[in-house]
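J.: Residue numbers (this note's numbering): -15 to 215.
First, the structure itself, so that you have it in front of you.
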């Protein structure tokens, strides 16, 4: 391993610089990385489950700026190899610097319009909208092209997160952008949110804290297949 914590990879993690092809209406598991400061371990954990995901978000609240950039670069190569778009959590500057596919911004984590301007018209720019449809409308007006609601269930990642009503997902259909559901979602309770209109289910612990992360990721994918058998 080099000093940056960036390991040498097999050819499976070495990818071209061609961005992922992003479907106009994504549907599936949206993986969010765990807070793991061991880069080799993090990449192995992500690579094991990435075939079952359609989007990947890099989030690490325990890493310093140098490690975050090294991990983000490594994850971008991995995501490219699997043809999965990589978004960066709460840091449009980092996303632009490494050429990531997009960014996800929370309530106090940057200006959506500035993020859109810096990343360009093709980037994925997402906004956390919690339990607030008005915030979602404003986010789309500012340049977001997908919106996230939740927590819908108690979450170990954010125990204090305010709870959202699944009806928000139906209301947000009028915005014309993909809707992400997040917060304590399991393969067993996902169906109600998919029926309400969720296009993507965002998960951290439901996959990475599971006894068998690969089986867990497959179970989320199966939940989508049951809800949308013709997709």
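From the three backbone atoms N, C-alpha and C, an ideal C-beta is built for every residue, glycine too.
In this text, all values refer to a predicted model and were calculated from it rather than measured experimentally.
Buried or exposed: which applies to residue 140, given that a residue is buried once 16 or more other Cβ atoms fall within 10 Å of its Cβ?
T.: The residue is exposed, with fewer than 16 neighbouring Cβ atoms inside 10 Å.
J.: Does DSSP classify residue 86 as helix, strand or coil?
T.: Strand at residue 86.
J.: May I ask you to report which of helix, strand or coil DSSP gives residue 30?
T.: Three-state DSSP puts residue 30 in a helix.
J.: How long is the line joining the alpha carbons of residue 48 and residue 160, rounded to whole angstroms?
T.: For residue 48 and residue 160, the distance between alpha carbons rounds to 36 Å.
J.: Among 100, 112, 125, which has the Cα closest to the Cα of residue 80?
T.: Of the candidates 100, 112, 125, the one whose C-alpha sits nearest the C-alpha of residue 80 is 100.
J.: Where does residue 188 sit, in a helix, a strand or coil, going by DSSP?
T.: Reduced to three states, the DSSP call for residue 188 is coil.
J.: For a minimum of 4 consecutive residues, which ranges assigned as the alpha helix (DSSP H) are wholly contained in the region 118 to 189?
T.: Runs of the alpha helix (DSSP H) inside the region 118 to 189: 151 to 155, 174 to 180.
J.: What residue from 104, 145, 115 has the CA that sits closest to residue 127's CA?
T.: Of the candidates 104, 145, 115, the one whose C-alpha sits nearest the C-alpha of residue 127 is 104.
J.: Between residue 148 and the rest of its own chain, which residues show a CB-CB distance below 7 Å, the 5 nearest in sequence each way excluded?
T.: Excluding sequence neighbours, residue 148 sits near 114, 115, 133, 134, 135, 136.
J.: Just checking, does the region 115 to 125 make contact with the region 67 to 82 on the three C-beta pairs under 8 Å criterion?
T.: These segments do not touch.
J.: Kindly list the residues whose CB is nearer than 7 Å to the CB of residue 10, restricted to its own chain and excluding five residues on each side of it in sequence; keep chain order.
T.: So the qualifying residues of the chain are 38, 39, 162, 183, 184.
J.: Going by beta-carbon coordinates alone, are residue 204 and residue 36 separated by less than 8 Å?
T.: In this structure, residue 36 lies closer than 8 Å to residue 204 by Cβ.
J.: Might you give, ordered along the chain, the residues of its own chain that have their beta carbon closer than 7 Å to the beta carbon of residue 173, omitting 5 neighbours on each side?
T.: Result list for residue 173: 137, in chain order.
J.: Hey, could you find the ends of the beta strand (DSSP E) residue 112 is sitting in?
T.: It spans 108 to 114 - the beta strand (DSSP E) in which residue 112 sits, taken as one unbroken run.
J.: Does the Cβ of residue 239 have 16 or more other Cβ atoms within 10 Å, making it buried, or fewer, making it exposed?
T.: Nothing can be reported for residue 239, as the shown portion of the chain is limited to -15 through 215.
J.: When the Cα atoms are used, what is the spatial distance from residue 106 to residue 170?
T.: Distance between the alpha carbons of residue 106 and residue 170: 31 Å.
J.: Using the Cβ count rule (16 or more neighbours within 10 Å means buried), how would you classify residue 166?
T.: So residue 166 ends up on the buried side.
J.: Suppose you measure from the CA of residue 164 to the CA of residue 109; what does that come to, to the nearest Å?
T.: When rounded, the distance between both Cα atoms is 12 Å.
J.: List the endpoints of the continuous alpha helix (DSSP H) containing residue 199.
T.: Per DSSP, residue 199 belongs to the alpha helix (DSSP H) from 197 to 211.
J.: With distances taken Cα to Cα, identify the nearest neighbour of residue 82 among 60, 20, 151, 130.
T.: Nearest of 60, 20, 151, 130 to residue 82, Cα basis: 60.
J.: With DSSP run on the structure shown, which of helix, strand or coil describes residue 214?
T.: If DSSP states are grouped into helix, strand and coil, residue 214 belongs with coil.
J.: Which value, in whole angstroms, describes the spacing of the CA atoms of residue 25 and residue 19?
T.: Going by the C-alpha atoms only, they are around 11 Å apart.
J.: Would you mind reading off the limits of the beta strand (DSSP E) that contains residue 73?
T.: Where residue 73 is concerned, the enclosing beta strand (DSSP E) stretches over 70 to 73.
J.: Is the Cβ-Cβ distance between residue 191 and residue 33 less than 8 Å?
T.: The answer is yes: Cβ separation under 8 Å.
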